[in-house]
Amino acid sequence: MSLIVPKCMKCLTEIKGDEEVFVQLKYPKRKGFTEIKAFLNLEGKFICKACSTKINI
Ligand SMILES: [Zn+2]
Numbered sequence: 002m003s004l005i006v007p008k009c010m011k012c013l014t015e016i017k018g019d020e021e022v023f024v025q026l027k028y029p030k031r032k033g034f035t036e037i038k039a040f041l042n043l044e045g046k047f048i049c050k051a052c053s054t055k056i057n058i
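So that you can map any letter, position 17 of the sequence shown is 18 in the working numbering, and since no number is skipped, the others follow by simple counting.
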């Protein structure tokens, strides 16, 4: 369980497990980044499917 709850950057809806999302992020410079979830929570900007459909990603 993560303490950080990912939210859609457009509608602020909580992103649920197994939900299909779009993530905008910077690719990590350093090698060996294994904790992808931590990285996503730190750097990722999530967009839920409903919003991504609305803004045509
Ligand atoms: Zn949304």
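Glycine included, each C-beta is placed from N, C-alpha and C at the ideal position.
field: Beta bridge counterpart(s) of Glu-44 as assigned by DSSP
entry: Answer is none; Glu-44 lacks a bridge partner.
Q: Identify whether Lys-63 lies in helix, strand or coil by the three-state DSSP scheme.
A: With the chain running from 2 to 58 in the structure shown, residue 63 is simply not present.
### Query
Could you give the distance in angstroms between the alpha-carbon of Lys-27 and the alpha-carbon of Ala-51?
Their Cα atoms are separated by approximately 23 angstroms.
Quiz item: Near ligand 3, which residues have their beta-carbon less than 7 angstroms from any of its heavy atoms, given in chain order?
Solution: This structure lacks ligand 3; its bound ligands are ligand 1.
Run the CB neighbour count on Cys-9, radius 10 Å, all protein chains shown included, and call it buried at 16 or more, exposed below. buried
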